[in-house]
Amino acid sequence: MFAKAFRVKSNTAIKGSDRRKLRADVAAVFPTLGTDQVSELVPGKEELNIVKLYAHRGDAVTVYVSGGNPILFELEKNLYPTVYTLWSYPDLLPTFTTWPLVLEKLVGGADLMLPGLVVPPAGLPQVEKGDLCAVALVGNRAPVAVGVAAMSTAEMLTSGLKGRGFSVLHTYQDHLCPEGRQLDIKKSSYKKLSQFLQRMQQEQIVQVQELSAGVESVVAVDWKHPRITSFVIPEPSPTSQTIQEGSRGQPYHPPDIKPLYCVPASMTLLFQESGHKKGSVLEGSEVRTVVINYAKKNDLVDADNKNLVKLDPILCDCVLEKDEQHTIMKLPWDSLLSRCLEKLQPAYQVTFPGREPIVKKGRICPIDITLAQRASNKKVTVVRNLEAYGLDPCSVAATLQQRCQASTTVTPAPGLKDSLQVQIQGNQIHHLGRLLLEEYRLPRKYIQGLEKAPKPGKKK
Numbered sequence: 001m002f003a004k005a006f007r008v009k010s011n012t013a014i015k016g017s018d019r020r021k022l023r024a025d026v027a028a029v030f031p032t033l034g035t036d037q038v039s040e041l042v043p044g045k046e047e048l049n050i051v052k053l054y055a056h057r058g059d060a061v062t063v064y065v066s067g068g069n070p071i072l073f074e075l076e077k078n079l080y081p082t083v084y085t086l087w088s089y090p091d092l093l094p095t096f097t098t099w100p101l102v103l104e105k106l107v108g109g110a111d112l113m114l115p116g117l118v119v120p121p122a123g124l125p126q127v128e129k130g131d132l133c134a135v136a137l138v139g140n141r142a143p144v145a146v147g148v149a150a151m152s153t154a155e156m157l158t159s160g161l162k163g164r165g166f167s168v169l170h171t172y173q174d175h176l177c178p179e180g181r182q183l184d185i186k187k188s189s190y191k192k193l194s195q196f197l198q199r200m201q202q203e204q205i206v207q208v209q210e211l212s213a214g215v216e217s218v219v220a221v222d223w224k225h226p227r228i229t230s231f232v233i234p235e236p237s238p239t240s241q242t243i244q245e246g247s248r249g250q251p252y253h254p255p256d257i258k259p260l261y262c263v264p265a266s267m268t269l270l271f272q273e274s275g276h277k278k279g280s281v282l283e284g285s286e287v288r289t290v291v292i293n294y295a296k297k298n299d300l301v302d303a304d305n306k307n308l309v310k311l312d313p314i315l316c317d318c319v320l321e322k323d324e325q326h327t328i329m330k331l332p333w334d335s336l337l338s339r340c341l342e343k344l345q346p347a348y349q350v351t352f353p354g355r356e357p358i359v360k361k362g363r364i365c366p367i368d369i370t371l372a373q374r375a376s377n378k379k380v381t382v383v384r385n386l387e388a389y390g391l392d393p394c395s396v397a398a399t400l401q402q403r404c405q406a407s408t409t410v411t412p413a414p415g416l417k418d419s420l421q422v423q424i425q426g427n428q429i430h431h432l433g434r435l436l437l438e439e440y441r442l443p444r445k446y447i448q449g450l451e452k453a454p455k456p457g458k459k460k
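First residue of the sequence shown: 1, per UniProt numbering; consecutive thereafter.
Shown next as structure tokens:
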């Protein structure tokens with residue numbers, strides 16, 4: 001909504017009656033806020049302005065500005081908090097988490113799509129379609145966006161986390177944010193950063209060392225100084241704390257990955273007698289049961305050799321190539337079943353501990369490890385697709401930096417939407433393999449590139 005510049009219609013100080021009404025509206029819309037918190041958000045005597053504006057699409061919006069910061073905005077008689085307000089009250093709304101890479105797209109006006117969600121071990125917050133929600137980034141509980149759920153949590157899981165999840169109304173760094181107060185040292189009483197640091201050093205809050213002419217460095221901070229300890233950060237609620245610990249601090253548990261099979265249009269006649277239709281998803285054992293029941297029900301088991309199955313027109317169309325349909329009349333059971341599985345469309349189910357299973361079509365992409373050559377003929381190790389297995393690329397990079405004693409970087413993965421890659425200096429596949437296989441306990445079949453590890457005795 002505020003991705004582009006808006007036009008201000010009016011900016012006036014709020015009246016006493018309107019202030020009281022706003023306070024009552026806030027208490028009604030956000031019942032989790034206590035009386036003191038409502039009074040703190042909508043102060044009784046401090047400056048509070050009503051800014052009426054038109055968004056770039058023509059929507060009439062009313063913004064409430066307190067102390068120079070936008071705290072609330074109203075659209076079509078619905079009241080919404082800004083990210084400034086959510087920083088002070090991070091538990092005000094159900095919060096969903098996404099990757100840092102996604103924020104740029106949200107700021108540009110995009111809605112949050114479900115494939116961009118990060119599902120914590122505690123599961124997604126329970127919401128209904130139309131509920132007001134906050135969006136935060138992995139590793140930072142401070143919300144960066146406000147939006148409305150496009151579907152319920154149950155519908156999100158049923159869809160396999162595909163489609164549009166949230167209509168985003170407001171984000172950090174959009175055009176509403178510049179209306180907030182900026183900390184500008186030139187407009188303070190210090191005027192210069194050097195004078196500010198000198199004053200902080202006089203109060204023994206920091207120690208400053210001049211590295212060279214005009215270049216100063218803060219070398220120490222007294223974190224126990226009363227000026228610092230008096231700054232209070234709101235404590236997270238038990239629910240949000242569990243989610244944050246689950247996404248960053250709790251031990252990683254690998255997902256259970258189960259291959260599935262999706263019925264294509266060309267095979268619906270074979271499966272419809274068992275109650276399945278086009279798009280139905282089945283396990284391998286269910287496919288075998290359907291085929292066996294079909295063969296027995298239609299008297300297709302060879303009377304002279306029970307290991308062979310006669311092919312009727314439906315089975316011919318399902319398992320034979322065009323040049324085979326006039327030459328192959330019977331198939332052994334194992335060949336028939338394997339051909340059926342090959343003709344079905346691949347799918348898979350991912351289940352993280354304590355969470356609902358997620359079904360997706362296609363084959364799950366393995367974690368991809370490659371070696372690349374950089375400047376001065378130096379090798380780097382690149383790993384992609386960690387997110388598919390519930391791994392945070394930033395956390396993996398930090399762990400590898402300590403294990404390998406080498407520099408690491410996290411960048412967007414080329415050609416992969418909303419995905420990050422980790423790059424480690426040198427050939428670190430041995431360390432990476434131990435981390436993924438032994439500590440994270442991921443099956444080797446879901447990791448490709450381990451064979452490129454340096455051989456013993458050879459220089460990395």
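A virtual CB, placed ideally from N, CA and C, is assigned to each residue, including glycine.
Point to revise | N- and C-terminal bounds of the alpha helix (DSSP H) containing V26 | key: G16 to V29
Practice item. Kindly indicate which three-state DSSP category I228 falls into: helix, strand or coil? Key: Residue state, collapsed to three classes: helix.
Check your understanding: For the candidate residues L270, F166, L344 and G449, whose alpha-carbon lies nearest to that of G284?
Key -> L344
Check your understanding: If you follow the beta strand (DSSP E) that S274 is part of, which residue opens it and which one closes it?
Key -> Taken as a continuous stretch (DSSP letters only), S274 belongs to no beta strand (DSSP E), as it is neither H nor E.
**Study point:** Residue(s) in a DSSP beta bridge with C318
**Key:** Note: C318 sits in no beta bridge, so no partner.
Exercise for review: Can you tell me which of G139, C316, K330 and V291 puts its alpha carbon nearest to the alpha carbon of T305?
Suggested key: It is Asn, not Thr, that sits at residue 305 in the sequence shown. Minimum Cα-Cα distance from N305 among the listed residues G139, C316, K330 and V291 corresponds to K330.
**Study point:** Candidates V83, L103, V138 and Y190, of which the one nearest P119 by Cα
**Key:** Here residue 119 turns out to be Val, not Pro, going by the sequence shown. Comparing Cα-Cα distances from V119 to each of V83, L103, V138 and Y190, the minimum goes to V138.
Check your understanding: Smallest Cα separation from N78: which of G58, L114, L22 and G68?
Key -> Of the listed residues, the one whose Cα sits closest to N78 is L22.
**Study point:** Nearest residue (CA-CA) to T409, options G415, L416, L400 and K417
**Key:** L400
Exercise for review: Have a look at K45, Q37 and E76 and flag the residue whose alpha-carbon is nearest the alpha-carbon of A55.
Suggested key: E76
Check your understanding: H170 to L86, Cα distance in whole Å?
Key -> 12 Å
Exercise for review: Quick one: residues in its chain with C-beta nearer than 8 Å to the C-beta of P115, no 5 flanking neighbours on either side, listed in chain order?
Suggested key: L161, K162, K417 and D418
Check your understanding: Out of curiosity, what's the CA-to-CA distance linking H24 and Q37?
Key -> Inspection of the sequence shows that residue 24 is occupied by Ala rather than by His. One C-alpha to the other measures close to 12 Å.
Point to revise | Three-way DSSP call (helix, strand, coil) for D323 in this model | key: helix
**Study point:** Beta-ladder partner(s) of H170, from DSSP
**Key:** In the DSSP output, where bridge partners are listed per residue, H170 has V146.
Practice item. Measure the Cβ-Cβ separation of I358 and L432 and say whether it is below 8 Å. Key: no
Exercise for review: Thinking N385 and P412 are a contact (beta carbons under 8 Å), I'd like their distance in whole angstroms, please.
Suggested key: Contact flag wrong, Cβ pair sits at about 13 Å.
Review point. Of the choices V146, H175 and D174, whose alpha-carbon is the least far from that of V168?
Key: V146
Review point. Do you know how far the Cα of G390 is from the Cα of L437?
Key: 15 Å
Review point. Cβ atoms of A372 and V383: under 8 Å apart, would you say?
Key: no
**Study point:** Delimiting residues of the beta strand (DSSP E) encompassing Q373
**Key:** I367 to Q373
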